[in-house]
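Quick note: the sequence shown uses my numbering, first residue 41, plus one each step. Backbone N, C-alpha and C define an ideal beta-carbon position, used for all residues, glycine too. Predicted, not measured: the structure shown is a model, and the values here were computed from it.
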Amino acid sequence: METSKISSTCLNAPLSAASLAPLLPQGRVERLQVFDTISSTNTYLLQKETYADGMVCLADEQTAGQGRKGRSFLSPKGMGVYLSYLLVPDEEEALFPASSFSTLTAYVCVAVSRAVSRVCGRTPDIKWVNDLQLDGRKFCGILTQMTLLPNSDRVQKIVTGIGVNVLEKKEDFPEDLRESVTSLAQATGHPVSRAALAAELILQLDRMREDWRREHRSSFLPLSTQEKNPKSMNGSLPQEVRQSYLAAYRSMDVIKGKEIRVTDWKREREARALGIGDNFELLVRFKDNRAEEALTGGEITVRLVEK
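Next up, the structure:
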């Protein structure tokens, strides 16, 4: 997106297809649905019977926004950007097992960070696996969900939901969250256009979709098939795409070298975060074990140990 387009966008523009159309490629709004109020943008796309790859659901308010592990995500009217993005596997990708889609959330984190950087001029930190922070406080959550084809472990569609706190003041948050969360307006010290951010998110997610798909397919399809279209839309080879996203994710990793508390369904343990592995897993060394271990997403929660 050109900077001139972002700066000319009215800061208080409502979220609508009309307000986003000038900021997007021609025809992109045809795969965009905007709601004044909705229970959950993720739920809407997951339950929708007819759908198209790259479909976006955007809402001015969610009444039942979702976070990880069944938590709710506060989505007050007119304050944030609440957006879900749909990926539909093609005939070849539909043959891949659900486990093969595990790196997608990390790619989305990088795409969202790039959008925030372009619109706000600040690059976020990432707290593994999917929390985006500024000044040590969370302003964005990402939730990836999928549906499977009947009686199989093959993916039917994937929805990644993104919730960004944009205009909230400190007093707008519940009192028990005020020291741990923030908004883009708080962190940057100036208002941020929700329409500009929503449009830039769509642009970055479109690019990410093609990049991730190219790299993902290269890991599962025969070389002869890959060579038909070896490059991504930005001209990079699949391995270069992966390294680019991996380097970006690692550069924003905020917990490397720090003491953390890891909680899963069985127990809570303390560890030192060692960095991000080649498959976007979190490398740690637990205090009760000298061996290095790799943690993947799912039901694991990571928190910094307070000094």
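In chain order, what residues of the same chain have a beta carbon less than 6 angstroms from the beta carbon of residue 61, not counting five sequence neighbours either side?
-> Stepping through the sequence shown from its first residue, residue 61 is reached at position 21. So the list reads 69, once near-sequence residues are dropped.
Sort 99, 93 and 166 by Cα distance to residue 292 and report the nearest one.
-> If you number the sequence shown from 1, residue 292 lands on position 252. Comparing Cα positions, the closest option is 166.
Please report the residue range of the alpha helix (DSSP H) in which residue 280 lies.
-> The residue given as residue 280 occupies position 240 in the sequence shown. From DSSP, the alpha helix (DSSP H) with residue 280 extends over 278-291.
Beta-carbon separation (whole angstroms), residue 151 vs residue 245, contact threshold 8 angstroms | Here the question's residue 151 lines up with position 111 in the sequence shown. Here the question's residue 245 lines up with position 205 in the sequence shown. Contact flag correct, Cβ pair sits at about 5 angstroms.
Just grab the DSSP bridge partners of residue 102 for me.
-> Translated into the one-based positions of the sequence shown, residue 102 becomes position 62. The beta-bridge partner set that DSSP reports for residue 102 consists of 78.
For residue 187, the three-state DSSP class (helix, strand or coil) = Residue numbering aside, residue 187 sits at position 147 when the sequence shown is read from its first letter. Reduced to three states, the DSSP call for residue 187 is strand.
Roughly how many whole angstroms lie between the Cα atoms of residue 252 and residue 72?
-> The sequence position of residue 252 within the sequence shown is 212, counting from 1. The sequence position of residue 72 within the sequence shown is 32, counting from 1. Residue 72 has its alpha-carbon roughly 21 angstroms from the corresponding atom of residue 252.
Bounding residues of the beta strand (DSSP E) (the contiguous stretch that carries residue 125) = As a first step, residue 125 must be located in the sequence shown, where it is residue number 85. Its beta strand (DSSP E) spans residues 120-127.
CA nearest to the CA of residue 369, picked from 66, 86, 344 and 342 = In the structure as shown, the chain starts at 41 and stops at 347, and residue 369 therefore has no counterpart that could be examined.
Straight-line Cα distance separating residue 317 from residue 286 | Looking up residue 286 in the sequence shown gives position 246. Looking up residue 317 in the sequence shown gives position 277. Take the alpha-carbon of residue 286 and the one of residue 317: they are about 9 angstroms apart.
For the alpha helix (DSSP H) holding residue 325, just list the boundary residues, first then last.
-> Stepping through the sequence shown from its first residue, residue 325 is reached at position 285. No alpha helix (DSSP H) contains residue 325, which is instead part of the beta strand (DSSP E) from 322-326.
State yes or no: is the C-beta of residue 123 within less than 9 angstroms of the C-beta of residue 99?
-> Walking along the sequence shown from the start, residue 123 turns up at place 83. Walking along the sequence shown from the start, residue 99 turns up at place 59. Going by C-beta atoms, residue 123 is nearer than 9 angstroms to residue 99.
What number of angstroms, rounded off, separates the C-alpha of residue 199 from the C-alpha of residue 153?
-> For the purposes of this step, residue 199 is taken as residue 159 along the sequence shown, with counting starting at 1. For the purposes of this step, residue 153 is taken as residue 113 along the sequence shown, with counting starting at 1. In this structure, the CA atom of residue 199 is about 18 angstroms from the CA atom of residue 153.
If we count the other Cβ atoms within 10 Å of its Cβ and call it buried at 16 or more, is residue 171 buried or exposed?
-> Within the sequence shown, numbered from 1, the residue matching residue 171 stands at position 131. Looking at its Cβ environment, which holds 16 or more other Cβ atoms inside 10 Å, residue 171 is buried.
If you draw a straight line from the alpha carbon of residue 219 to that of residue 121, how long is it in whole angstroms?
-> Looking up residue 219 in the sequence shown gives position 179. Looking up residue 121 in the sequence shown gives position 81. Each residue's Cα considered, the two are about 21 angstroms apart.
Distance between residue 228 and residue 322 (C-alpha atoms, nearest Å) | By one-based count along the sequence shown, residue 322 stands at place 282. By one-based count along the sequence shown, residue 228 stands at place 188. Rounded to whole angstroms, the separation of the alpha carbons of residue 228 and residue 322 is 29 angstroms.
Keeping to the same chain, check which residues put their C-beta closer than 6 angstroms to that of residue 134; ignore five residues upstream and five downstream.
-> Translated into the one-based positions of the sequence shown, residue 134 becomes position 94. Excluding positions up to five away in sequence, the list reads 194.
According to DSSP, residues forming a beta bridge with residue 303 = Counting from one through the sequence shown, the residue named residue 303 turns up at place 263. In the DSSP secondary-structure assignment, residue 303 is bridged to 308 and 341.
Using the beta-carbon count (16 or more within 10 Å), is residue 249 buried or exposed?
-> Working through the sequence shown from its first residue, we reach residue 249 at position 209. Burial call: buried.
Classify residue 210 as helix, strand or coil using the three-state DSSP reduction.
-> Counting from one through the sequence shown, the residue named residue 210 turns up at place 170. In this structure, residue 210 counts as helix in the three-state DSSP scheme.
Distance between residue 75 and residue 57 (C-alpha atoms, nearest Å) = By one-based count along the sequence shown, residue 57 stands at place 17. By one-based count along the sequence shown, residue 75 stands at place 35. So the alpha carbons of these two residues sit roughly 10 angstroms apart.
For residue 255, the three-state DSSP class (helix, strand or coil) = To locate residue 255, count along the sequence shown from 1; it is residue 215. Helix, per DSSP.
Close-in-space but distant-in-sequence residues of the same chain around residue 296 (CB under 6 angstroms, 5 per side omitted) | Taking the first residue of the sequence shown as 1, we reach residue 296 at position 256. Cβ neighbours of residue 296 within its own chain (closer than 6 angstroms, five residues either side excluded): 313 and 315.
Can you have a look at residue 231 and say buried or exposed, based on whether 16 or more other CB atoms are within 10 angstroms of its CB?
-> Within the sequence shown, numbered from 1, the residue matching residue 231 stands at position 191. Under this definition residue 231 is an exposed residue.
Can you tell me where the beta strand (DSSP E) with residue 200 in it begins and where it stops?
-> Here the question's residue 200 lines up with position 160 in the sequence shown. First-last of the beta strand (DSSP E) with residue 200: 195-205.
Spatial neighbours of residue 325 within its chain, please: CB distance less than 8 angstroms, with the 5 preceding and 5 following residues excluded, ordered by chain position.
-> For the purposes of this step, residue 325 is taken as the residue at position 285 of the sequence shown. Taken in chain order, the residues that qualify are 311, 312, 314, 331, 332 and 333.
Can you check whether the CB of residue 238 is closer than 9 angstroms to the CB of residue 55?
-> Translated into the one-based positions of the sequence shown, residue 55 becomes position 15. Translated into the one-based positions of the sequence shown, residue 238 becomes position 198. Yes. Within cutoff.
Can you grab the Cα-Cα spacing for the pair residue 201 / residue 117, in whole Å?
-> As a first step, residue 201 is located in the sequence shown; it is residue number 161 there, counting from the start. As a first step, residue 117 is located in the sequence shown; it is residue number 77 there, counting from the start. Annotation: residue 201 to residue 117 spans about 17 angstroms, alpha carbon to alpha carbon.
How many angstroms separate the CA atom of residue 328 from the CA atom of residue 142?
-> Here residue 328 refers to the residue found at position 288 when the sequence shown is read from its first residue. Here residue 142 refers to the residue found at position 102 when the sequence shown is read from its first residue. Distance between the alpha carbons of residue 328 and residue 142 is about 28 angstroms.
Assigned exposure category for residue 209 - 16 Cβ within 10 Å defines buried | Working through the sequence shown from its first residue, we reach residue 209 at position 169. Exposed, by the Cβ-count rule.
Return the CA-CA distance between residue 255 and residue 145, expressed in angstroms with no decimal places.
-> Counting from one through the sequence shown, the residue named residue 255 turns up at place 215. Counting from one through the sequence shown, the residue named residue 145 turns up at place 105. Between residue 255 and residue 145, the C-alpha separation is close to 14 angstroms.
Are the beta-carbon atoms of residue 342 and residue 335 separated by less than 9 angstroms?
-> For this step, residue 342 is matched to residue 302 along the sequence shown. For this step, residue 335 is matched to residue 295 along the sequence shown. Cβ distance < 9 angstroms, so residue 342 and residue 335 count as in contact.
Relative to the C-alpha of residue 247, which residue among 131, 147 and 184 is closest?
-> As a working mapping, residue 247 is identified with position 207 in the sequence shown. The option with the nearest alpha carbon to residue 247 is 147.
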